[in-house]
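Taking it in order: structure first as structure tokens, then the write-up.
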Amino acid sequence: MIILLKENSSKSQMNYLMKWLAQKGVDVHVSEGVNRKLLTLTGNTSEIDTDLLKSIEIVDDVKRITEPYKSSNRACHPRDTVVRVGNAAFGGGNFSVIAGPCSVESKEQVLKIAQDIKKSGAGLLRGGAFKPRTSPYSFQGLRENGLKILAEVSKETGMPVVSEIMEQSQLPLFEDIDVIQVGARNMQNYELLKELGRTKKPILLKRGLSCTLQELLMSAEYLMMGGNENIILCERGIRTFETTTRNTLDLSAVPMLKEMTHLPVIVDPSHGTGLAKIVPPMALAAVAAGADGVMIEVHNDPANALCDGAQSITPSQFDTLIKQISKMRECCYKYDSQKEE
Ligand code: PEP
Ligand code: MN
């Protein structure tokens with residue numbers, strides 16, 4: 402349920418309303434709209450008499466939200482949420498690029514890639530330390546050591562870092578990691594989400610292989626329920642009958658999600674396609690679809706990568722792509738401002 406307050410409501414009127422709502426046992430989240438406040442109620446709102454609520458002086462309007470996702474719902478928070486990490490920002494017109502190897506292989510490898518992608522204009526460095534591999538016989542990641550390498554490279558280059566967590570017990574190891582990634586396979590690991598919801602760290606929440614957009618937003622609700630609103634959603638391809646690409650990159654998810662939620666949405670065309678040669682066009686298509694950022698796997702020697710070499714582009718291909726992205730953003734900006742005229 403959302404409550405739209407009248408403009409210029411006084412403190413004592415507000416206190417009265419908050420007390421009234423507290424008696425109903427619901428949780429209230431206050432957001433500042435352009436001119437007035439908006440309250441989002443979660444919990445059991447079925448007992449609340451909307452006519453009675455409307456009769457309270459400062460209440461302008463009351464709407465029941467029929468969608469099961471409440472806190473992430475655009476209706477509860479019309480303005481875009483902006484997630485800031487170091488100098489990078491996602492949402493509200495801000496666009497950032499996350500790049501780096503699929504997995505951390507060595508300090509030299511990560512440092513070299515980080516220096517190259519930073520020069521090209523990437524805002525954040527990615528690298529997996531705990532790898533969710535389909536086969537238990539594949540490289541599983543450098544684990545704790547991988548996180549240490551990322552933290553060192555972050556210090557040396559000044560780039561914030563993103564890495565994937567696989568279970569709650571690993572959380573203390575992520576202290577020096579700026580953004581915690583919840584991978585596709587863990588999108589519905591609700592205990593992990595609850596734990597991460599209690600942290601203040603930005604979370605990169607990737608869409609599950611066969612999850613709907615509504616299910617993705619319900620997972621975001623688990624994080625938000627704990628008070629963490631620093632969430633970046635990521636479309637990374639879904640499982641379909643198509644086999645020529647690793648996954649089917651669902652770019653329609655971007656404009657749909659932007660309508661459904663205020664949270665920033667980015668796209669990972671590397672896992673979305675599995676093929677390095679179509680990563681650049683799909684990254685550009687993501688920009689055109691309105692994404693707030695992209696995440697690209699970059700490797701200095703893709704043929705010898707320990708993980709996902711086939712979908713990794715080289716630093717020089719990345720440099721070209723980032724220039725094209727910025728041209729595409731300019732075109733989209735011009736197109737959008739023409740639409741508004
Ligand atoms: C990754 O980003 O390294 C990864 C494993 O992605 P996903 O969870 O989307 O498969
Ligand atoms: Mn990968």
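Once you know that position 29 of the sequence shown is 430 in this note's numbering, the rest is easy, because the numbers rise by one and skip nothing. Each residue gets a CB set at the ideal place from its N, CA and C atoms; glycine is no exception.
Taking only heavy atoms of ligand 1 into account, decide whether any of them is closer than 7 angstroms to the Cβ of D669.
Result yes, Cβ under 7 angstroms from ligand 1.
What residues does ligand 2 have around it, judged by CB closer than 5 angstroms to any heavy atom, in chain order?
Taking each Cβ in turn, the ones that pass are C503 and D709.
Under DSSP, the alpha helix (DSSP H) around K607 begins and ends at which residues?
K607 -> not in any alpha helix (DSSP H); beta strand (DSSP E) instead, spanning I604 to K607.
Compute the Euclidean distance between the alpha carbons of G743 and K438, then round it to the nearest angstrom.
It is not possible to answer for residue 743, since the shown part of the chain is limited to 402 through 742.
CA-to-CA distance, Q582 to E568, given in whole angstroms:
Taking the straight line from one Cα to the other gives about 11 angstroms.
Under the criterion of a Cβ to heavy atom distance below 7 angstroms, does A381 qualify as lining ligand 1?
A query on residue 381 cannot be resolved here, the shown segment of the chain reaching from 402 to 742 and no further.
Could you give the distance in angstroms between the alpha-carbon of L418 and the alpha-carbon of K595?
Taking the Cα positions, L418 is about 29 angstroms away from K595.
Helix, strand or coil: which one does DSSP assign to K464?
Note: K464 maps to strand in three-state DSSP.
Nearest residue (CA-CA) to L422, options L618, Y734, N436 and T446:
Across the set L618, Y734, N436 and T446, the C-alpha of T446 shows the shortest separation from the C-alpha of L422.
Taking Cβ positions, are V668 and T674 nearer each other than 8 angstroms?
In this structure, the beta-carbon distance from V668 to T674 does not fall below 8 angstroms.
Mind checking whether the beta-carbon of K607 lies closer than 7 angstroms to any heavy atom of ligand 1?
Yes.
In the DSSP assignment, what residue or residues form a beta bridge with H430?
The partner list for H430 (beta bridge, DSSP) reads T441.
C-alpha distance - K678 paired with A490, whole-angstrom precision
Taking the straight line joining both Cα atoms gives about 28 angstroms.
Going by DSSP in three states, I457 sits in which element: helix, strand or coil?
In the structure shown, I457 sits in coil (DSSP, three-state: anything other than H, G, I, E or B).
With a cut-off of 8 angstroms on the beta carbons, I'd call G524 and V498 a contact; round off their distance for me.
Right, their Cβ atoms sit about 6 angstroms apart.
Considering only heavy atoms of ligand 1, does any lie closer than 7 angstroms to the CB of H672?
The nearest non-hydrogen atom of ligand 1 is less than 7 angstroms from the C-beta of H672.
Where R527 falls: helix, strand or coil (DSSP)
In this structure, R527 counts as strand in the three-state DSSP scheme.
Thinking C-beta only, is T441 closer than 8 angstroms to S411?
Between S411 and T441, the gap from beta carbon to beta carbon reaches 8 angstroms or more.
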